[in-house]
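For reference, each letter of the sequence shown is one residue, going 0 to 443 in numbering that gives the first Met the number 0.
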Amino acid sequence: MFNTNVVVLNSFQATTELLEKRSKIYSDRPHTVMFHELTGWHRNFGLLQYGDMWRMYRRTFHQYFRNQAVPSFHQKMKRTVNKLLVALTDSPDDFLAHYRYMTGSLAFDVSYGMDVDSIKYPAIETAEKAVQCMLEIMSTGSFLVDTLPILKYLPAWLPGADFKKKAIQWRRCVDEMFTRPFKIAKNEWEHAHLKPSIALDLFRSMQDSQKDDPNFEEVITNITAVTYVGGTDTSTSTLRMFTWIMLSYPSVQAKAHEEIDRVIGRNRLPELRDKETLPYITALLKEVLRWRPIGPLGIQHRSTADDEYKGYFLPGGSIVIANTWAVLRDEKRYPNAQIFDPCRFLNDHGALDPTIPDPTEAFGYGRRICPGRYYATDLLWLTIANVLAAYVIEKTIDEHGDIIEPKDEFTTGLHCLPVSVKASFVPRHEEAVDLIRSLVASSD
0 MFNTNVVVLN SFQATTELLE KRSKIYSDRP HTVMFHELTG WHRNFGLLQY
50 GDMWRMYRRT FHQYFRNQAV PSFHQKMKRT VNKLLVALTD SPDDFLAHYR
100 YMTGSLAFDV SYGMDVDSIK YPAIETAEKA VQCMLEIMST GSFLVDTLPI
150 LKYLPAWLPG ADFKKKAIQW RRCVDEMFTR PFKIAKNEWE HAHLKPSIAL
200 DLFRSMQDSQ KDDPNFEEVI TNITAVTYVG GTDTSTSTLR MFTWIMLSYP
250 SVQAKAHEEI DRVIGRNRLP ELRDKETLPY ITALLKEVLR WRPIGPLGIQ
300 HRSTADDEYK GYFLPGGSIV IANTWAVLRD EKRYPNAQIF DPCRFLNDHG
350 ALDPTIPDPT EAFGYGRRIC PGRYYATDLL WLTIANVLAA YVIEKTIDEH
400 GDIIEPKDEF TTGLHCLPVS VKASFVPRHE EAVDLIRSLV ASSD
């Protein structure tokens, strides 16, 4: 591709051998002018080139989102999921907005200790615009300047330089997303409003250890902003896919309802401590991640040295694409892989089968695997378990009274999502109505 070699890995064996076992030379990211130079997304450490700076960011982020640390966020997760259940009763047609508000407000609470009362909150609106700009930039071949870097010197007013106008507009949005929430949080601290957050914890520790470094606040803003970027879009997209799947496979939804009623009963809602006793819910989430991965081609890697694999010469500097779709539909690992079936992860006794591999490839590969995957998995599990405990997700009807069937139409590009999802969230029983009412009362 314009003097750049592209290597596509279509098997679990290939991704494991190169991206895992040889991660020392396959952990870099491609550098693109539009993304890293013109729009300010170089601050997203998930797409930084491999090196000491990336290691520092990854190490700092990991201390808050490693598996052992994530339970500190469980109480906040439960509060935001409770708000989601109430919102689905008040305005069920807006469920996609409710999903996004839930993931976004939680990210702001975790990152900055901020209470976000609406999806229209300015910081969320700005972040949403910035994320959409990121997704457009990362779509392969979107901007000619990435192929001909010299074009970055063109003035924005020149005919044909529309990309430069976009870059200037997006840069303002990205800059605001990275800096504004931290400024708001810092102002709150100065007025002794010290709600626990990652930003506050980092500020206190780095103020002492790195007080002579003029850039220490930039490190904090970059880490906390990436918490929002990484914690909202993919989680919201996964919940969108989950909803489409529930409409398409009502028998799966019925099995989930049966397990929740049998194990939890109808007088309370599931909590994360219930995960071990709800294996079908866990299997359901795994199958959602496996069957329709949100990023079917993942995020590109870049090799930093010449290599050889099975007789093929792989030049250094090659773009390496992991075909996650193919890996997660490998018949050797997942028999009848084209079929959506959560039971593939269960044994004959209904318990999770440890011999069936988890679909971790949905979160990336090697040293570049998503460092927030434990946080995301817990939030998704809690959301799915609670939504299914309280509601039946049903097909809606159009103005003529005809049932609207879920269409097998999906977006193309970096993310693969249902083009349209129309759903109705109906309380399952009177006890569910009472539980939701109690959530409303407790929030007043």
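Glycine residues also receive a C-beta, built at the ideal position from the N, C-alpha and C atoms.
Assuming residue i and residue j make a contact with CB atoms under 8 Å, what is their CB distance in whole Å?
i    : j    : result
M33  : A166 : 6 Å
K394 : L246 : 6 Å
Y374 : G230 : 7 Å
F94  : T242 : 7 Å
A122 : P195 : Contact flag wrong, Cβ pair sits at about 19 Å.
A191 : T223 : 20 Å between Cβ atoms; not a contact.
L84  : L438 : 6 Å
N4   : S317 : 4 Å
F44  : N214 : With a Cβ gap of about 14 Å, F44 and N214 do not count as contacting.
L327 : P370 : Actually they are not in contact, since the Cβ atoms of L327 and P370 sit about 20 Å apart, beyond 8 Å.
P446 : S423 : With the chain covering only 0 through 443, there is no way to say anything about residue 446.
K77  : L434 : So it is not a contact: roughly 13 Å between Cβ atoms.
V115 : N385 : So it is not a contact: roughly 20 Å between Cβ atoms.
L277 : E258 : 6 Å
M113 : I183 : 7 Å
So, at 6 Å on beta carbons, what are the nonlocal neighbours of residue i in its own chain, with the 5 sequence-adjacent residues on each side left out?
i    : result
A86  : H97
D329 : F11
W108 : The sequence as given places Asp at residue 108; Trp does not occur at that position. Counting only Cβ-Cβ distances below 6 Å, and skipping sequence neighbours, we find K75.
D232 : V130
P295 : T323, W324 and C415
R170 : T38 and G39
Roughly how many angstroms lie between the CA atoms of residue i and residue j, to the nearest whole one?
i    : j    : result
T88  : Y390 : 9 Å
R456 : R42  : Examination of residue 456 is not possible in this model, given that the chain is present from 0 through 443 alone.
I338 : L105 : 33 Å
R372 : R65  : 9 Å
L46  : T14  : 19 Å
K254 : Y279 : 8 Å
I383 : V287 : 11 Å
K128 : V173 : 8 Å
A336 : N322 : 15 Å
E16  : D397 : 51 Å
Q168 : A126 : 14 Å
L193 : L143 : 46 Å
P70  : R272 : 10 Å
G159 : G103 : 36 Å
K421 : I244 : 12 Å
I149 : D161 : 15 Å
P314 : R21  : 14 Å
R289 : E270 : 24 Å
T359 : H399 : 43 Å
Q62  : V228 : 18 Å
A350 : H256 : 17 Å
S236 : L379 : 11 Å
Note down, in chain order, each residue of its chain lying with its Cβ closer than 7 Å to the Cβ of residue i, except the 5 sequence neighbours on either side.
i    : result
M0   : For M0, the pLDDT reaches just 49, beneath the cut-off of 50, and the residue's location in the model is therefore unreliable, although a value from the coordinates is still provided. Excluding positions up to five away in sequence, the list is empty.
R332 : F11 and P356
H35  : H41
K151 : V32, E36, L37 and V144
V425 : Y390, V391 and E393
F177 : R42, T220, N221 and A224
Tell me which same chain residues have a C-beta within less than 8 Å of the C-beta of residue i, skipping the five on either side of it?
i    : result
F202 : K185, W188, E216 and I219
I320 : V5, V6, V7, L8, L296, G297, Q299 and H300
T376 : L284
With DSSP as the reference, identify every bridge partner of residue i, one or two as the case may be.
i    : result
R301 : D27 and I318
V391 : V425
I402 : I396
L345 : L351
E307 : F312
L8   : A321
P417 : F409
State yes or no: is the beta carbon of residue i nearer than 7 Å to at least one beta carbon in chain B?
i    : result
Y111 : Note that chain B does not occur in the displayed structure, where there is just one protein chain.
**Message:** Check whether the segment 407 to 419 and the segment 126 to 140 are in contact - that is, three or more C-beta pairs closer than 8 Å.
**Reply:** Result yes; three or more Cβ-Cβ pairs closer than 8 Å.
**Request:** Please confirm if the segment 54 to 70 is in contact with the segment 396 to 411, defined as three or more CB-CB distances below 8 Å between the two stretches.
**Result:** Proximity of the segment 54 to 70 to the segment 396 to 411 falls short of the contact definition, fewer than three beta-carbon pairs being nearer than 8 Å.
**Message:** When you compare the segment 297 to 306 with the segment 109 to 119, are there three or more beta-carbon pairs, one atom per stretch, that lie closer than 8 Å?
**Reply:** No, the segment 297 to 306 does not touch the segment 109 to 119.
**Prompt:** Using 8 Å as the Cβ pair cut-off and three pairs as the minimum, do the segment 420 to 433 and the segment 259 to 268 touch?
**Reply:** By the Cβ test, the segment 420 to 433 is in contact with the segment 259 to 268, since at least three Cβ pairs between them sit closer than 8 Å.
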